[in-house]
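Undergrad: Let me begin by handing over the structure; questions about it come next.
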């Protein structure tokens, strides 16, 4: 940026208006600008490359001399989805790079991580809304041109598959597509691209590593996990004693039965072998240590250092939720467009899509399931601000500050 | 479409799934498809021309070796807007063509007109929502790259100006832009395109002509307008008599004052000269006859022939409302991005945009303002279904049925 | 309404403003009103009974001296849901009454039916959005007060169960709740109310009866069903002949196999016994005749008489879709609030709710599945407007016009 | 909470499901619950006081023997607004109390402040959407019952006026209502309540005090303001020198003119007298010191201590924006319902409402306008993490941690 004087570029020209006013005084404020466009430089249509964007709507039905009006909507809607998928991938990659590069250790970068993940959330919200536009097309309108689309299929959206890979939908938990591995439905370069993205560190994996470093987990420090285990079982035992003192009754029996199931529940939480078993089946996705970090952030979310991390965990669940809502809205639209064809033979379209509306595709499912292990606040190990300063002292790294801004 | 057998194209290949299942039985329904993509033909990415769509995001900041992350969002958001503007124009043109070609006289086409106008409504609703994504960018993020945009400006969106023209924002009611005629801010071809669209029949004009033909307006038939005038003034006179019989009181005075103002109000409605005067000032946009048609549709909206026309009038108001909300949301976003700069000199950006959030830009303002002239149901001239059959017998034209479907 | 003079009530007082202006001239238009409130009469708070509405937020946690802030949101959100459920029931009952009373035979009432069903659609869209507010509450916030809610449960929403009943969720297709009939989870009066609503004609049943009367189905008239069957099988046979003439190839085999499955598919459509079988299993919900009517409306939706009926069928699918989205969003929220507790024992909350996101709860599932039976437009039996006038001549009934307006 | 054993209340009963399962094994997971409702305790309808909520819909038209269907929607919509206004006030009061009580000095409370303000944002977003439901009512539907509402008026919403007061819409910037002070349109108790809320510390005032304490403003410390002033004018002078060296040209003149206006602009920023002048006219609302704090948070938003404060400032602008969008949507709805009545006499309804869609009602207008004073990042005074530790060390207060949770 050096070398180009501030005024040459920055303030003379701006986006939605043109500066500066050439006259002072009580002139109508709405007219106080100069028209800079006449002096050369890039203009709106060039900047946005609208020649490409607005020339990409070729109706197959028209090519086949059977122009069907609604095919235009079909194309534009899918192009809008793909544009936004590109934006989501752009944000996702930038966040992954902050983690991969280690910049995440400078906690000044947490705002950026959080903001960009939140932006993905907002985009997905819009994409869920966007089905309302497509739904103005009826099954009959679609039937008129769907023959011309062959063999194109929404399944072939490369960006969406890449997105799933980069967030962390694992290869082996995917529903097969027409009895074949999902990747086998893509050709040459695309198939390789997909394979390559499977090898990259997923957002899930990167978040896992970050969670494993949660301050307070250190065995020789605050030792959150052991303290929590002690507190919980102490609490459960106190409950047990209280119940035992009650007169015999149906209520007492129920409470005791519940106590037993609670003990089992929490025993399972502190049982690393059980975790490994669930992990091997894909029912848990985070490492044991990362789970501990996540629960620690849950319980101490109000500590200054955990406030933004807690927001981040919430936004990750938002993404999972919105992706699953997107899938479900897609199913609903497909049901309307092509029916379910259940029982009479026909297609797997509706059924395939329904099968992907599954917790198997919820990457951060552990963050949801941790809600199972909440305990009363007074069971949570107490922190002493005078001792546990780590919770309100962030780590920063001087050197990379402004440069990290430019290089992401 | 002739010549290509139904099965060759229609049912073998469909959009979101692949047919047919090659085996029967209790196989998992979600896997019951064939992979047709491997057999050649167009696939998703080609169909949508994603090579164009997804290669059109060039960051000016990156070209100038100062890559600013958020410029990507800025580009994608505006491209999404332009994609949808193209779709809106596509729908709008198809509707205008139905009117221009006279196909609208075949009332079978009313569903199509209504559906497409309603689709524009849904798209605009989405576009209003879409600001939520852009608003994840802060003023500081924008400041980092806005210098590189010069002299591009959102005002230069050719499609949006064309849209305004085709709906019917009149040339002479537009707010000037930097003290110049809006068209002077466009160059060469674009300026000519804009001029050309100003010469085409606007949606407003086409709807006006259609309203003027509203059945029931005929002086030698039902003669709605005269009947209405008679009923209203008879009703007002009856009210007057009732009030005159009341004992003197403040209430009586008020009621009488109100009666006088009501008489004035309705006198103005039936005064064609006054209409012409308001029309010449741009305060009314529809012809006197068209206004009568609109009011007739309002009052008899439940008659079979008027049900869809009434929906259409409502959707036209929806478009006006949503465009004005879009403008207002735009203003709000700009305020946040660049401040108002009020008082200290600077830009007209915010003030220019605010000045366009005006009834001057409400094309169908008359449809709103007709609410001023509603009267009690028992003042509305009575219809007799045995006599006035025109209200439940639609006009159709045999010949053009299926062909009109194909040719729009 | 007779007896009260027009001016006494109608124009002196209006909702958002106060009339009339007492002075003329260039006074600021925004101030041109009179303050009528000071003269007595009902005011805003009384009209809306805000004393009731705004005093109904009692926090159980506060009663137990452990006030938890977020319980207030929990209460208000559910109250808002219940308010809107009441509105939905109000609209639904009014529509059902139009059908039950036979007023639907006067086609002037179709606009009203359609508008009110569409209003339900808009309300449900809002209710789906509303989860975004509840999702600002985290699992931890909920955990702090959920103990105090016992044994209240969202399942106990009487209005929602009534709504399901009145639309047409059948008793025997409901997922049991904790192994018990859904109604057994309600006590005394509520259980009786539910039983009573099960006996009333459902929207599904009423729409069915209406569809069975679709003009054009008459065997001694247009005889749509037989004509369609003839056309389809003639078309399929022509395809068969074309395929048979092809040289042997994999493609030919596939096309022939597909032809066979298509024949099976359409044979099933015209096989009343098969319909009855599917009906008995709950896989179809409409009678055979009603299905025919629905398909007729689909194919001839542009005929004047079918335009609004077609919109109605679309809106009925919208309701089904939105209710299922509502259920799914509910599931997502519950997953976040209480986890899935899968595998470790515990609750059925999440699993119960997931099981209700099912096509079993889609009342108008047949309208979706009809998409399976679409055919090319040139196979649809042709209408001749000169002969088949019934498609553009509505039935009206003079006498009840304005009275039906008042009495619904 | 002491005294009541954990199991007695916490886990036996929960909201959406009923615990515990009485059997183990492979039973259908969706049925694994017990029905606790039969054992007594509060149930859903009682908890929500639905007897009050659902009995509060009395149609004035029905009382007057002229039942108009759409009045029900009108009532329910406004009741829903009022329910949500109550929730917004509840959140707002809790936030204000955190500020008033000084708890905000414990930075652990920032998450809570931020979350609750953000919740208000989500609620307002919903309220803006909610107009879509009301808009299913046409002007004609409204006309049928609006006479019965007199003299009730939306202006009389006490909660909305209180909300404006508590956020910080100042008394003297309000648009008068029918030429009278807004408060004079309320009677007795309500008028007193309004007066009382005007005396309470507004959110604006509380945020102002908090901003004034922004770390880094201290004259004997980092001294942000002076450093910034020095940097900016040094930067401007460097630009000036560069420009002066250019050969004479139109561009040079323009750049020099722009430089002058920039100098004026920034001189105004650092001119406390000018600030006081703008403040006295209501064009600025924050104190000079608070403005400095806000700009500091803007520029250093990525520092750990400023991340959540920056989010808070953004959410405050969101509230302003959404309130103004709410007002604008309200205007649009009213225009449709009653027309503008411009020119022909009549009402101030539309014009009054339009006049409130004004920056006068934007409480945090300064936060928007600060965008005017952004500068290139390299002009922002540099921080040295080794010296300026205050930016990553939060202030906490041990004692009040869990108690503050309970007492807000």
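Protein chains in written order, with our numbering: chain A, 317 to 724; chain B, 317 to 724; chain C, 317 to 724; chain D, 317 to 724. For glycine and all other residues, C-beta sits at the position ideal for the given N, C-alpha and C.
(1) Is the distance from the Cβ of residue 372 of chain C to the Cβ of residue 400 of chain D below 8 Å?
(2) Would you mind reading off the limits of the alpha helix (DSSP H) that contains residue 472 of chain A?
(3) Determine whether the beta carbon atoms of residue 680 of chain B and residue 520 of chain B lie at a separation below 8 Å.
(4) Counting contacts by CB-CB distance shorter than 8 Å, is residue 624 of chain A in contact with chain D?
(5) Output yes if chain D places a C-beta closer than 8 Å to the C-beta of residue 614 of chain B; else output no.
(6) Do you know how far the Cα of residue 507 of chain A is from the Cα of residue 500 of chain A?
(7) Which of the three DSSP states is assigned to residue 493 of chain B in this structure?
(8) Please tell me whether residue 618 of chain A has its Cβ less than 8 Å away from any Cβ of chain D.
(9) Quick check on the DSSP output: what are the complete alpha helix (DSSP H) runs of length 4 or more inside the region 523 to 602 of chain D, in order along the chain?
(10) Contact defined as beta carbons within less than 8 Å: I believe residue 514 of chain A pairs with residue 481 of chain A. What is the distance between those atoms, to the nearest angstrom?
(11) Within this structure, are the beta carbons of residue 620 of chain C and residue 438 of chain B separated by less than 8 Å?
(12) Would you give the residue range spanned by the alpha helix (DSSP H) that residue 756 of chain C belongs to?
(13) Does the beta-carbon distance from residue 393 of chain C to residue 446 of chain C come in below 8 Å?
(14) With 8 Å as the threshold, decide whether the Cβ of residue 579 of chain C is near any Cβ in chain D.
(15) Using beta carbons (cut-off 8 Å, strictly below), is residue 368 of chain A in contact with chain D?
(16) Note down the Cα distance separating residue 740 of chain B from residue 380 of chain B, rounded to an integer number of angstroms.
(17) Look up residue 709 of chain D in the DSSP assignment and give the residues it is bridged to.
(18) Which value, in whole angstroms, describes the spacing of the CA atoms of residue 622 of chain D and residue 548 of chain A?
(19) Considering residue 378 of chain B, what are the terminal residues of the alpha helix (DSSP H) in which it resides?
(20) At what residue ranges does the region 614 to 687 of chain D contain a whole run of the beta strand (DSSP E), taking only runs of 3 or more?
(21) Does the structure place the region 408 to 417 of chain B close enough to the region 440 to 459 of chain B that three or more beta carbon pairs sit under 8 Å?
(22) Pull up the distance between the alpha-carbon of residue 531 of chain D and that of residue 537 of chain D, whole angstroms please.
(23) Per the contact definition of three or more C-beta pairs closer than 8 Å, is the region 680 to 690 of chain A in contact with the region 600 to 608 of chain A?
(24) Taking DSSP as the reference, what is the three-state secondary structure of residue 386 of chain B?
(25) From which residue to which residue does the alpha helix (DSSP H) around residue 500 of chain D run?
(26) Name, please, each residue of chain B whose Cβ falls closer than 9 Å to the Cβ of residue 428 of chain C.
(27) Do the region 693 to 712 of chain C and the region 625 to 645 of chain C meet, that is, are 3 or more Cβ pairs less than 8 Å apart?
(28) Please work out which residues of its chain come closer than 6 Å, Cβ to Cβ, to residue 434 of chain C, disregarding the five sequence neighbours upstream and downstream, and give them in chain order.
(29) 8 Å is my cut-off, CB to CB: does residue 712 of chain A come that close to chain C?
(30) On a CA-only basis, which of B:518, B:458 and B:466 is nearest residue 477 of chain B? Give me that one, please.
(31) Measure the Cβ-Cβ separation of residue 543 of chain B and residue 697 of chain B and say whether it is below 8 Å.
(32) Go ahead and label residue 428 of chain C buried or exposed: buried means 16 or more other beta carbons lie within 10 angstroms of its beta carbon, across all protein chains shown.
(33) Would you tell me roughly how many angstroms separate the C-alpha atoms of residue 647 of chain C and residue 431 of chain A, rounded to the nearest one?
(34) Residue 677 of chain D touches chain A at which residues, Cβ-Cβ below 8 Å?
(35) Find the residues of chain C that neighbour residue 455 of chain A, judging by a C-beta separation of less than 7 Å, and give them in chain order.
TA: From the atom records:
(1) Start at 1 with the first residue of the third chain, and residue 372 of chain C comes out as number 56. Start at 1 with the first residue of the fourth chain, and residue 400 of chain D comes out as number 84. The answer is no: Cβ separation not under 8 Å.
(2) Taking the first residue of the first chain as 1, we reach residue 472 of chain A at position 156. Run containing residue 472 of chain A: none; DSSP gives neither H nor E here.
(3) Here residue 680 of chain B refers to the residue found at position 364 when the second chain is read from its first residue. Here residue 520 of chain B refers to the residue found at position 204 when the second chain is read from its first residue. It is a contact, given that the beta carbons lie within the stated cut-off.
(4) To locate residue 624 of chain A, count along the first chain from 1; it is residue 308. Judged by the 8 Å Cβ criterion, residue 624 of chain A is in contact with chain D.
(5) Counting from one through the second chain, the residue named residue 614 of chain B turns up at place 298. The beta carbon of residue 614 of chain B falls within 8 Å of a beta carbon belonging to chain D, placing the residue at that interface.
(6) Stepping through the first chain from its first residue, residue 500 of chain A is reached at position 184. Stepping through the first chain from its first residue, residue 507 of chain A is reached at position 191. Roughly 7 Å between the two C-alpha positions.
(7) What you label residue 493 of chain B is simply residue 177 of the second chain in a count that begins at 1. Residue state, collapsed to three classes: strand.
(8) On the first chain, residue 618 of chain A is found 302 positions in, with the first residue counted as 1. With 8 Å as the cut-off, residue 618 of chain A counts as an interface residue toward chain D.
(9) The region 523 to 602 of chain D contains these whole alpha helix (DSSP H) runs: 540 to 561, 566 to 585 and 588 to 596.
(10) Residue 514 of chain A sits at position 198 when you count from the first residue of the first chain. Residue 481 of chain A sits at position 165 when you count from the first residue of the first chain. Confirmed, about 5 Å.
(11) For the purposes of this step, residue 620 of chain C is taken as residue 304 along the third chain, with counting starting at 1. For the purposes of this step, residue 438 of chain B is taken as residue 122 along the second chain, with counting starting at 1. No, these two residues do not count as a Cβ contact at 8 Å.
(12) Nothing can be reported for residue 756 of chain C: it is not among the residues displayed for chain C, which extend from 317 to 724.
(13) Stepping through the third chain from its first residue, residue 393 of chain C is reached at position 77. Stepping through the third chain from its first residue, residue 446 of chain C is reached at position 130. Yes, these two residues count as a Cβ contact at 8 Å.
(14) Here residue 579 of chain C is taken as the residue at index 263 of the third chain, counted from 1. It does not: the Cβ of residue 579 of chain C has no partner Cβ on chain D nearer than 8 Å.
(15) Walking along the first chain from the start, residue 368 of chain A turns up at place 52. No, residue 368 of chain A lies away from the interface with chain D (no Cβ there is under 8 Å from its Cβ).
(16) In this structure chain B extends from 317 to 724, so residue 740 of chain B is not present and cannot be described.
(17) Position 393 of the fourth chain, counting from 1, holds the residue named residue 709 of chain D. Bridge partners of residue 709 of chain D: A:709.
(18) The count along the fourth chain starts at 1 and reaches residue 622 of chain D at position 306. The count along the first chain starts at 1 and reaches residue 548 of chain A at position 232. So the alpha carbons of these two residues sit roughly 35 Å apart.
(19) In the second chain, counting from the first residue as 1, residue 378 of chain B sits at position 62. Taken as a continuous stretch (DSSP letters only), the alpha helix (DSSP H) holding residue 378 of chain B covers 376 to 379.
(20) Runs of beta strand (DSSP E) with 3 or more residues, each lying fully within the region 614 to 687 of chain D, are absent.
(21) Touching, no.
(22) Counting from one through the fourth chain, the residue named residue 531 of chain D turns up at place 215. Counting from one through the fourth chain, the residue named residue 537 of chain D turns up at place 221. Answer to the nearest angstrom: the Cα atoms are 9 Å apart.
(23) Yes, they touch.
(24) Residue mapping note: residue 386 of chain B aligns to position 70 of the second chain, counting from 1. If DSSP states are grouped into helix, strand and coil, residue 386 of chain B belongs with coil.
(25) Locating residue 500 of chain D in the fourth chain gives position 184, counting from the first residue. Note, residue 500 of chain D: premise wrong, no alpha helix (DSSP H); not H, not E.
(26) Here residue 428 of chain C refers to the residue found at position 112 when the third chain is read from its first residue. Those are 618, listed as they occur along chain B.
(27) No: the two stretches stay apart, fewer than three of their Cβ pairs being nearer than 8 Å.
(28) On the third chain, position 118 is the one that residue 434 of chain C refers to. For residue 434 of chain C, where only same-chain residues beyond five positions count, the Cβ hits under 6 Å are 631.
(29) Residue mapping note: residue 712 of chain A aligns to position 396 of the first chain, counting from 1. No, residue 712 of chain A lies away from the interface with chain C (no Cβ there is under 8 Å from its Cβ).
(30) Mapped onto the second chain, residue 477 of chain B falls at position 161. Nearest C-alpha to residue 477 of chain B among B:518, B:458 and B:466: B:518.
(31) Within the second chain, residue 543 of chain B is the residue found at index 227, counting from 1. Within the second chain, residue 697 of chain B is the residue found at index 381, counting from 1. Yes, Cβ-Cβ distance for residue 543 of chain B and residue 697 of chain B is below 8 Å.
(32) Looking up residue 428 of chain C in the third chain gives position 112. Buried, because 16 or more other Cβ atoms sit within 10 Å of the Cβ of residue 428 of chain C.
(33) Taking the first residue of the third chain as 1, we reach residue 647 of chain C at position 331. Taking the first residue of the first chain as 1, we reach residue 431 of chain A at position 115. About 27 Å.
(34) Reading the fourth chain from its first residue, position 361 is the one you call residue 677 of chain D. The premise fails here: residue 677 of chain D is roughly 19 Å from chain A at the closest Cβ pair, so nothing lies under 8 Å.
(35) The sequence position of residue 455 of chain A within the first chain is 139, counting from 1. Within 7 Å Cβ-Cβ: 687 and 690.
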